[in-house]
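When you line the sequence shown up against my numbering, it's residues 182 to 548, in that order. Below is one structure; the comments refer to it alone.
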Amino acid sequence: MNKSNNILIIGGGIIGLSIAIELKLLGAKVTVINRDFQPIATNAAAGMLAPQAEAIPPGKMLDLCLKSRTLYPEWVQKIESISGLETGYWSCGILTPVYTLKDRQNYALPNLNYQWLNQVAIHQYQSGLSPEVIGGWFYSQDAQVDSPYLYKSIIAAAKELKIDIIQGSVKEIICKKGKIQTLKTSIGELEAEHYVLATGAWSQELLPIPVFPTKGQMLSLKIPSDVSTENLPLQQVLFGNQTYIVPRKDGRIIIGATCENIGFVDGNTAAGVQQLLGNAIRLYPGLRDYEILEFWWGFRPNTPDEMPILGESNYDNLTLATGHYRNGILLAPVTGMLIADLIWNNQSDPLLTAFNYSRFMEVGSKV
Ligand code: GLY
182 MNKSNNILII GGGIIGLSIA IELKLLGAKV TVINRDFQPI ATNAAAGMLA PQAEAIPPGK
242 MLDLCLKSRT LYPEWVQKIE SISGLETGYW SCGILTPVYT LKDRQNYALP NLNYQWLNQV
302 AIHQYQSGLS PEVIGGWFYS QDAQVDSPYL YKSIIAAAKE LKIDIIQGSV KEIICKKGKI
362 QTLKTSIGEL EAEHYVLATG AWSQELLPIP VFPTKGQMLS LKIPSDVSTE NLPLQQVLFG
422 NQTYIVPRKD GRIIIGATCE NIGFVDGNTA AGVQQLLGNA IRLYPGLRDY EILEFWWGFR
482 PNTPDEMPIL GESNYDNLTL ATGHYRNGIL LAPVTGMLIA DLIWNNQSDP LLTAFNYSRF
542 MEVGSKV
């Protein structure tokens with residue numbers, strides 16, 4: 182693109198900001214418009230970096246997730262050094278305890294660490310698990326980041342880099358001759374040379390792309406006050422059946438998450454919280470005595486094939502970066518880098534092909 186021109190990013194979640202930062206570092210003039218998305222997907226996420234524990238099958242999606250997991254340590258270091266704020270990245274590994282042998286699938290992937298722990302080994306490795314647990318996989322390369330901390334850090338980094346972040350909501354995209362001409366927003370009309378749509382679960386408000394919300398309810402507990410954070414009872418994530426338990430270094434324990442396709446329905450429900458607590462206490466019974474800190478919920482941007490929509494759109498000057506579903510936090514570094522490279526250097530990484538929106542537009546496609 183003409184490198185003196187402006188780029189306007191619609192959406193100030195983790196994906197929009199990661200693209201903004203990469204573009205700015207390449208020399209672009211970047212503006213982000215963000216309405217007060219409450220609760221945005223970023224704040225709702227537990228921050229697991231878990232391509233292996235999530236059992237993503239071999240293919241382009243797994244390739245993208247693994248690439249992003251590899252980028253993570255350097256990427257958070259960059260964000261932290263620009264912002265001066267920690268992100269809570271912790272290469273803690275993820276354990277996936279099971280109650281029956283058919284419970285959990287593992288893909289035997291070359292060059293990745295994974296290890297089956299049998300009943301004796303798993304209870305020795307992690308004390309306090311349910312006696313029902315008969316074994317589990319340990320994925321030492323899966324990790325976590327504290328998503329609200331990451332969000333604070335990335336916002337601060339964007340501000341430090343003088344990225345213009347404006348509060349407002351886009352009401353309409355005005356197009357002419359296959360290009361976006363202007364955006365009608367709550368703060369007036371905005372124009373740029375190039376636009377990026379990174380509006381997550383809300384993307385269909387602006388364009389007819391198949392992104393829909395999948396609600397996730399979550400809650401947090403804290404370790405008992407007589408237990409020191411130097412000596413945390415959980416030193417890795419436990420990823421169980423429909424529940425995960427994510428220990429933070431400060432003694433909080435995050436428990437997630439429901440998966441509800443009910444639209445944008447706010448609030449925590451008795452059934453949602455019961456499901457989370459029931460599953461979590463079954464897996465790690467000691468949690469029953471931990472104090473509850475908070476409940477919250479968020480809306481994951483889901484797509485019919487559960488893969489993100491990345492790259493070119495129907496409009497010459499609009500790039501799409503949405504639909505990251507369960508993996509928005511994990512995919513932030515790779516999305517930022519590949520999309521910035523596409524826009525600024527006209528370089529389309531071969532990985533992007535599988536994520537083009539056109540997969541949903543083909544005549545005869547099931548969507
Ligand atoms: N990344 C886990 C979830 O979305 O619940």
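Cβ coordinates follow ideal geometry from the N, Cα and C atoms, glycine included. These figures come from a predicted structure and were not determined experimentally.
(message) Comparing C-alpha positions only, which one of SER367, ASP217, LYS403 sits nearest to VAL351?
(response) Minimum Cα-Cα distance from VAL351 among the listed residues SER367, ASP217, LYS403 corresponds to SER367.
(request) Measure the alpha-carbon distance for ARG163 versus THR363 and round it to whole angstroms. (result) Nothing in the structure corresponds to residue 163, since the chain is present only between 182 and 548.
(request) Using 10 angstroms around the beta-carbon of ASN294, count the other beta-carbons present and answer buried if the total reaches 16, otherwise exposed. (result) exposed
(request) With a threshold of 16 other CB atoms inside 10 Å of the CB of GLN417, please say whether the residue is buried or exposed. (result) With 16 or more other Cβ atoms within 10 Å, it is buried.
(request) Measure the CB-CB distance between GLY432 and LEU415 and report whether it falls below 8 angstroms. (result) Cβ atoms of GLY432 and LEU415: not closer than 8 angstroms.
(request) Please name the residue or residues paired with THR503 in a DSSP beta bridge. (result) ILE490
(message) For GLU475 and GLU341, I'd like the C-alpha separation in whole angstroms.
(response) Distance between the alpha carbons of GLU475 and GLU341 is about 31 angstroms.
(message) Distance check for VAL314 and ARG250, CA to CA, integer angstroms please.
(response) 28 angstroms
(request) Rounded to whole angstroms, what's the CA-CA distance from TRP477 to PRO329? Just pull it up for me. (result) 12 angstroms
(message) So, under 8 angstroms CB-CB, ILE434 and TYR376 are touching, yes? Tell me the CB distance rounded to an integer number of Å.
(response) ILE434 to TYR376, Cβ: 40 angstroms. No contact.
(request) Can you give me the start and stop residues for the beta strand (DSSP E) that MET399 sits inside? (result) Its beta strand (DSSP E) spans residues 393 to 403.
(request) Compute the beta-carbon to beta-carbon distance between ILE263 and ALA382, rounded to the nearest angstrom, for a pair I have assumed lies under 8 angstroms. (result) About 28 angstroms; that fails the 8 angstroms criterion.
(message) Please classify GLY459 as buried or exposed, where buried requires at least 16 other C-beta atoms within 10 Å of its C-beta.
(response) exposed
(message) My output table needs one value for ASP327: the three-state DSSP class, helix, strand or coil.
(response) When DSSP states are grouped into helix, strand and coil, ASP327 belongs to the coil group.
(request) Kindly list the residues whose CB is nearer than 7 angstroms to the CB of LYS241, restricted to its own chain and excluding five residues on each side of it in sequence; keep chain order. (result) LEU532, ALA535
(message) Quick check: the Cα distance between THR268 and ILE200, rounded to an integer number of angstroms?
(response) 17 angstroms
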